[in-house]
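Colleague: Residue numbers (the numbering used here): 1256 to 1448.
In this text, a Cβ means the ideal position worked out from N, Cα and C, and glycines have one as well.
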Amino acid sequence: MSTSKQLRSTDQGWSAISQTLHWLIAVLVIGLGIVGLIMTELPTSPTKIKIYALHKSVGITVLALMVLRLIWRLFDRRPAYPSGMPVWQTSLATLTHGLLYLLLFVMPLSGWLYNSASNFALRYFGWFSLPALSAPDPQLKALALEVHQWGFYLLASLLLVHVAAALKHHWMERDDTLNRMLPWRTSKERPRP
Ligand code: HEM
Ligand code: HEM
């Protein structure tokens, strides 16, 4: 297989770049969600402040990775949907993927906006400062927090549908949908038992 084939997606599979971005972002986002829900419940302490700072820096990392991912996605193609997949399923998949992309920008940007409107400084892993997205503003702060919280509930709901669909394809339809997103993929379409 030539290098260009490994780097670019084909009908048989997602490219190494798409797979790496997919799984890296997936792990970071799941971690951010879990830490985000726990950290707000912690009593005020230096540890809480450190966890908040970590949440923000990792969230900004997701934003940067999403910019790369979007550029790559516009440049690369996606593998074809399995043959015979009904139109409602391909439409639902396209809609879910589109909303996931949108929310993966809305989440870090609303967090950044909330931080700015709250008049908190934002340092990226303590290395350098990032600019504020707005002046201090209590109303904007409340709105950004609502978007950050409701955005997460919507993201989590879509992820449940997304993972359920991936597992349904793998175990019930027995097609290559999940395999071709896996770095260790080897399989061809498998016969039903
Ligand atoms: C936070 C977690 C996750 C996020 C944000 C996410 C997001 C996405 C997005 C946006 C796409 C569309 C890619 C594109 O069109 O460029 C995608 C594809 C895919 N994801 Fe995920 N994903 C996550 C977790 C998972 C998990 C846990 C699984 C498996 C159980 C999975 C399986 C897949 C598969 C198989 C595809 C390819 C679908 C296709 O070929 O149509 N994802 N994911
Ligand atoms: C994909 C990226 C992100 C995800 C999935 C995420 C997720 C979450 C979640 C689930 C919460 C808990 C919400 C609640 O119930 O109160 C939260 C809180 C928070 N997030 Fe994020 N977040 C992300 C990015 C960011 C970024 C980039 C920042 C700031 C630069 C940020 C700042 C905050 C802050 C300050 C809180 C605490 C809000 C409070 O004290 O009530 N987040 N985040």
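How many angstroms separate the CA atom of PRO1393 from the CA atom of THR1295?
Modeller: So the two alpha carbons sit approximately 19 Å from each other.
Colleague: So which of GLY1381, SER1365, TRP1405, SER1389 has the shortest CA-CA distance to ALA1399?
Modeller: Nearest C-alpha to ALA1399: SER1365.
Colleague: Is the beta carbon of HIS1277 less than 9 Å from the beta carbon of PRO1337?
Modeller: Result no, Cβ atoms of HIS1277 and PRO1337 do not sit closer than 9 Å.
Colleague: Find out if the Cβ-Cβ distance for the pair GLN1267, ASP1431 is shorter than 9 Å.
Modeller: Yes, Cβ-Cβ distance for GLN1267 and ASP1431 is below 9 Å.
Colleague: At a cut-off of 8 Å, is SER1270 close to ligand 1 when judged by its beta-carbon and the heavy atoms of the ligand?
Modeller: Flag unset: Cβ of SER1270 not near ligand 1.
Colleague: Assign VAL1282 to one of two classes, buried (16 or more other C-beta atoms within 10 Å of its C-beta) or exposed (fewer than that).
Modeller: Per the 10 Å Cβ criterion, exposed.
Colleague: Buried or exposed: where does VAL1418 fall if 16 or more other Cβ atoms within 10 Å of its Cβ makes it buried?
Modeller: VAL1418 is exposed by the Cβ-count criterion.
Colleague: Just to check, is the beta-carbon of ARG1429 closer than 8 Å to a non-hydrogen atom of ligand 1?
Modeller: False, no ligand heavy atom lies under 8 Å from that Cβ.
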